[in-house]
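Here's the structure, in structure tokens; my notes come after.
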Amino acid sequence: GAGVSQSPSNKVTEKGKDVELRCDPISGHTALYWYRQSLGQGLEFLIYFQGNSAPDKSGLPSDRFSAERTGGSVSTLTIQRTQQEDSAVYLCASSSMAAADTQYFGPGTRLTVL
Amino acid sequence: GESVGLHLPTLSVQEGDNSIINCAYSNSASDYFIWYKQESGKGPQFIIDIRSNMDKRQGQRVTVLLNKTVKHLSLQIAATQPGDSAVYFCAENVNQAGTALIFGKGTTLSVSS
């Protein structure tokens, strides 16, 4: 597709369950980012992938959060043993080598933990 | 930690007016800034960017002004339309490829007809 896509658009889960969120970046973009946006707040950086380099995980809030990027394209953000405070919109962005500063965002996945 | 903030959480304007949304940043090393528009239920949409070697940049109906002396960024929207209603975020980046953007909390722009 032309833009960043994410799935599912909405996810409702029970406390303690694991969830997986998917991101398809813009074709050809080498960098991929995950952010979290809590209700009425700005975006909080979680993790960043650039090509085959080791990811920057400095924003992950706990060891329950992890992410993978397979084949330098699709990424999956996994949250284990979800807690109610994990409820938020999870946004994925990608950027190209030519314009690495400019990040383009997907529509997000709204996660609700009951 | 250093962060980007916005002066006003909300701004209400009449259709046809010009809107000015302000942002203050604290990282003097930041040299790239972006404005995003986020409509309800959608991801942030790129509007316009500016590098620190510029003071002003214009797009279609939008202008970004950068004052490095006082570390202030503003977004001007000309002839505001109801479709401009959204939350506007400024974000900063120190010029390192791949560095995560630092976002403020956003200003909600409401445009009434």
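Chains A and B supply the protein sequences, listed in that same order.
Numbering-wise, the first sequence is residues 1322 to 1435 according to my numbering.
Numbering-wise, the second sequence is residues 6 to 118 according to my numbering.
Built from N, CA and C at the ideal position, the CB exists for glycine as well.
Predicted model, so just to flag it, every value in this text is computed and none were measured.
Which residues in chain B sit within 8 Å of A:T1423, going by Cβ to Cβ distance?
Along the first sequence, one-based indexing puts residue 1423 of chain A at 102. Under the 8 Å cutoff, chain B gives I39, F51 and D54.
What residues of chain A sit near B:L106, judged by a beta carbon separation below 9 Å?
Against the second sequence, residue 106 of chain B aligns to sequence position 101. Result: Y1354, Y1356, L1364, F1366, A1414, D1422 and Q1424.
Chain B beta carbons: is any one of them nearer than 8 Å to that of A:G1349?
Along the first sequence, read from residue 1 onward, the residue named residue 1349 of chain A stands at position 28. False, the Cβ-Cβ gap to chain B never drops below 8 Å.
Using a C-beta cutoff of 8 Å, does B:G111 count as contacting chain A?
Position 106 of the second sequence, counting from 1, holds the residue named residue 111 of chain B. Cβ-Cβ to chain A under 8 Å: yes for B:G111.
Assuming A:T1397 and A:E1341 are in contact, meaning their beta carbons sit under 8 Å apart, how far apart are those beta carbons, in whole angstroms?
Residue 1397 of chain A sits at position 76 when you count from the first residue of the first sequence. Residue 1341 of chain A sits at position 20 when you count from the first residue of the first sequence. Contact between A:T1397 and A:E1341 holds: CB atoms are separated by about 5 Å, below the 8 Å threshold.
Within a Cβ cutoff of 7 Å, which residues of the same chain sit near B:S33, ignoring the five residues on either side of it in sequence?
Counted from its first residue, the second sequence places residue 33 of chain B at position 28. Same-chain partners within the cutoff: K76.
Quick check on A:Q1371: does DSSP put it in helix, strand or coil?
Position 50 of the first sequence, counted from the start, is the residue given in the question as residue 1371 of chain A. A:Q1371: strand per DSSP, three-state reduction.
Expressed to the nearest angstrom, what Euclidean distance is found between the alpha-carbon atoms of A:S1387 and B:D22?
As a working note, residue 1387 of chain A is residue 66 in the first sequence. As a working note, residue 22 of chain B is residue 17 in the second sequence. A direct Cα-Cα distance of roughly 46 Å separates A:S1387 from B:D22.
Quick check: what's the CA-CA separation for B:Y41 versus A:K1338?
Counted from its first residue, the second sequence places residue 41 of chain B at position 36. Counted from its first residue, the first sequence places residue 1338 of chain A at position 17. So the alpha carbons of these two residues sit roughly 33 Å apart.
I'd like the span of the beta strand (DSSP E) that includes B:Q19, first residue to last.
Along the second sequence, read from residue 1 onward, the residue named residue 19 of chain B stands at position 14. Unbroken beta strand (DSSP E) run through B:Q19: T15 to Q19.
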